[in-house]
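Numbering (my numbering), first residue to last: 1 to 727.
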């Protein structure tokens with residue numbers, strides 16, 4: 001009798017409700033610490049006290065999402081913190097894996113040289129601000145955040161602060177749906193700060209990491225460095241298409257595999273130092289990544305090089321007890337070089353883009369009374385060099401170059417202010433606003449049109465309106481362990497340099513692009529329902545307007561052209577919940593879920609691409625003692641639709657959506673099991689074994705190109721073994 005293979009949908013339908021009942025049952029009926037066996041009672045009680053202390057501090061944990069340390073309970077947003085202990089217990093192998101395990105976030109892996117497609121609350125993760133030690137990691141050409149430019153090793157991460165919801169009041173254009181601050185520079189007084197480790201696993205994955213940290217002469221310093229390589233996924237291409245004839249049409253053998261064409265190499269170094277007033281942070285990252293572009297590659301394939309450098313220095317002081325300020329100056333540099341091999345192994349198709357920028361900000365915080373505090377700041381960012389150039393004859397895209405005109409820069413200036421007032425001991429009212437302006441700038445370009453002669457084009461981006469970005473919130477504490485937050489906020493995302501070159505330097509331009517906009521409403525409730533059980537729930541609605549995309553148009557001469565426009569509008573309604581329980585003194589479990597519905601404003605019957613309606617997360621950790629741990633994770637990503645081949649803007653103002661690039665991808669579950677032992681043979685020596693996708697389930701992503709009609713497949717079963725020494 002053949003075995004029945006349980007689908008992820010069946011698991012979601014049948015198992016998740018039972019898990020929730022399991023949570024409540026064990027939370028309230030599990031034995032008290034004193035019921036442990038005599039030999040285990042001391043350990044159990046010790047761990048129970050540790051947990052209760054952590055829970056007592058949960059609402060008081062200090063984070064920096066508001067540009068200053070403040071309690072989670074006082075942040076007017078939904079906040080989640082990933083700790084160093086979480087990372088070690090679950091054995092996360094990469095920053096991408098950590099993000100994929102954060103409730104509300106999800107990740108799809110394509111075989112591209114670009115980034116994985118990730119999302120949060122109905123939109124791509126490029127609409128978040130990613131910080132490393134408070135330093136913005138934005139790419140100034142595309143105004144985006146790509147993990148290939150920020151390959152922070154998990155071993156270096158002390159904690160990650162995740163704020164879900166627009167945060168443009170504090171961080172300006174780009175903080176469309178939240179902020180993620182990755183902190184790597186903490187020097188702990190309760191754990192070892194130095195570490196060396198090596199890892200080896202499936203797909204010839206290899207990693208080496210070094211960390212040294214300490215304090216001397218009043219300065220604390222941290223140095224993190226790592227190198228990483230993997231051969232990538234080995235997958236038969238025939239499993240990615242509905243009709244094998246599609247491969248034969250492209251001249252690709254039916255036995256062709258991805259092996260040798262998805263390799264990746266990373267290197268990362270970060271140095272931070274600070275004393276009571278001065279601080280400095282430097283990081284350099286380089287990623288060499290192979291992938292596919294539009295069609296499968298042959299031989300060595302398509303590859304990309306990503307390089308980024310950030311250097312930041314600042315000064316903070318407390319001129320008086322009620323006031324402190326911080327000033328920071330940051331320099332950023334980024335380069336990306338792509339070499340495309342589109343079936344023909346002899347071609348030299350290539351692309352390069354790069355930028356240089358500096359930014360400065362000064363923030364002032366004042367607390368005149370315990371019932372009132374103020375935050376204010378000024379900000380300036382100048383992108384003084386930005387360019388793109390590509391020559392892809394295989395696609396009819398001949399030598400094209402775009403850059404900032406001579407002596408031009410993309411300058412953004414802003415000022416913000418926020419006030420918090422407590423008319424009652426249990427009630428806090430927050431109001432803030434940011435005024436931001438981007439100055440006009442000139443663009444230049446050259447197009448060869450496939451001839452020896454270049455056509456020069458010029459353009460001006462002059463959308464210099466002062467944008468007003470408000471935020472309102474009310475936070476009510478029923479008691480110290482029950483917090484209700486009502487939040488209204490807005491955010492913008494300005495068109496990038498890349499966007500504007502496609503719109504402003506187009507001969508058929510219809511005018512300058514406007515900033516994308518979101519208006520968000522959220523109700524968030526956090527509670528510790530018992531010493532062993534806590535919960536968090538958020539109801540949210542995001543309304544997106546002036547969204548930018550490529551549209552197919554008919555010009556005045558009747559010709560079909562592609563133009564980048566502000567047209568698309570859509571909305572997302574959703575609910576997020578997290579239940580966390582200390583089931584037993586040695587067992588902690590967490591169950592989270594997101595139910596969201598993203599629909600286009602003009603066509604509510606069309607499901608937005610890459611926005612699954614159901615997400616599920618489960619975590620279990622078991623600590624029989626302080627030196628041993630078992631971590632289990634399971635993520636569910638619901639059925640997901642692919643993007644559209646083209647979107648047509650009609651003369652009457654309506655929009656027509658073409659065929660999907662590929663079929664929808666079914667829901668899937670990705671599991672992870674991690675075994676960790678510390679102080680093995682010697683104090684500080686640890687071993688770690690991570691098993692990903694242990695049941696070898698299919699993890700399928702909607703295809704990003706028409707050839708992968710069935711969608712791309714993720715990794716099957718993987719192993720990663722790590723050996724390290726902490727001292």
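Glycine included, C-beta positions come from ideal geometry on N, C-alpha and C.
Among the candidates the options, whose CA atom is the shortest distance from the CA of residue i?
i, options, result
"residue 476", "567, 68, 75, 233", "75"
"residue 308", "268, 465, 342", "268"
"residue 402", "348, 650, 656, 354", "354"
"residue 232", "252, 203, 239", "203"
"residue 595", "589, 577, 319", "577"
"residue 362", "377, 672, 371", "377"
"residue 479", "433, 464, 462, 427", "427"
"residue 320", "712, 368, 395", "368"
"residue 589", "358, 634, 311", "634"
"residue 682", "673, 724, 667, 436", "724"
"residue 453", "467, 398, 554", "398"
"residue 575", "135, 69, 105", "105"
"residue 135", "237, 310, 234", "310"
"residue 496", "441, 120, 112", "441"
"residue 582", "530, 445, 313", "530"
"residue 550", "649, 274, 133", "649"
"residue 206", "260, 264, 223", "264"
"residue 609", "642, 580, 424, 591", "642"
"residue 224", "259, 173, 284", "284"
"residue 109", "373, 246, 698", "698"
"residue 617", "85, 79, 100", "100"
"residue 266", "515, 241, 227", "227"
Please state whether DSSP places residue i in a helix, a strand or coil.
i, result
"residue 561", "strand"
"residue 363", "strand"
"residue 606", "coil"
"residue 26", "Only weak support is given to the placement of residue 26: the predicted model assigns it a pLDDT of 43, under 50, and the question is left unresolved by the model."
"residue 664", "coil"
"residue 624", "strand"
"residue 385", "strand"
"residue 774", "Nothing about residue 774 can be read from this structure; the chain reaches only from 1 to 727."
"residue 706", "coil"
"residue 729", "The structure shown does not extend to residue 729, since the chain spans only 1 to 727, so no value can be given for it."
"residue 716", "coil"
"residue 171", "helix"
"residue 374", "strand"
"residue 646", "coil"
"residue 500", "helix"
"residue 483", "strand"
"residue 148", "helix"
"residue 138", "coil"
"residue 154", "helix"
"residue 45", "For residue 45, the pLDDT reaches just 43, beneath the cut-off of 50, and the residue's location in the model is therefore unreliable, although a value from the coordinates is still provided. Residue state, collapsed to three classes: helix."
"residue 84", "helix"
"residue 466", "coil"
"residue 72", "helix"
"residue 185", "coil"
"residue 193", "coil"
"residue 448", "coil"
"residue 406", "coil"
"residue 535", "strand"
"residue 36", "Residue confidence for residue 36 is low, a pLDDT of 42 falling below 50, so the modelled location carries little weight; the figure read from the coordinates is stated next. Residue 36: coil per DSSP, three-state reduction."
Return the Cβ separation of residue i and residue j in integer angstroms, given the expectation that the two are a contact with Cβ distance under 8 Å.
i, j, result
"residue 380", "residue 360", "5 Å"
"residue 213", "residue 193", "4 Å"
"residue 140", "residue 332", "7 Å"
"residue 394", "residue 465", "About 41 Å separates the two Cβ atoms, so there is no contact after all."
"residue 187", "residue 215", "6 Å"
"residue 579", "residue 591", "5 Å"
"residue 445", "residue 457", "5 Å"
"residue 522", "residue 493", "About 19 Å separates the two Cβ atoms, so there is no contact after all."
Would residue i pass as an interface residue toward chain B - the criterion being a Cβ-Cβ separation below 8 Å?
i, result
"residue 517", "In the structure shown, chain B cannot be found, because there is only a single protein chain."
Please give the ranges of any alpha helix (DSSP H) in the segment 89-117, keeping only runs that are unbroken, at least 4 residues long and fully inside the region.
Positions of the alpha helix (DSSP H) runs, each at least 4 residues long and wholly inside the segment 89-117, are given as 95-100 in order along the chain.
Mind pulling the beta strand (DSSP E) runs of 3 or more residues that sit fully within the segment 287-372?
Restricted to the segment 287-372, the beta strand (DSSP E) segments that are unbroken, complete and at least 3 residues in length are 302-320, 323-340, 349-369, listed in chain order.
The segment 89-103 in contact with the segment 143-158 per 3-pair CB rule at 8 Å
Touching, yes.
Touch test, the segment 172-182 against the segment 703-712, Cβ-Cβ under 8 Å, three pairs minimum:
Flag = no, the segment 172-182 and the segment 703-712 do not touch.
Along the chain, which unbroken stretches of the beta strand (DSSP E) at least 3 residues long are found entirely within the segment 220-282?
The qualifying runs are 264-274.
Below 8 Å, how does it come out for the segment 404-415 and the segment 509-524: are there three or more Cβ pairs, yes or no?
These segments do not touch.
At a cut of 8 Å, does the segment 72-92 reach the segment 666-680 through at least three beta carbon pairs?
Contact annotation: the segment 72-92 touches the segment 666-680, with at least three C-beta pairs closer than 8 Å.
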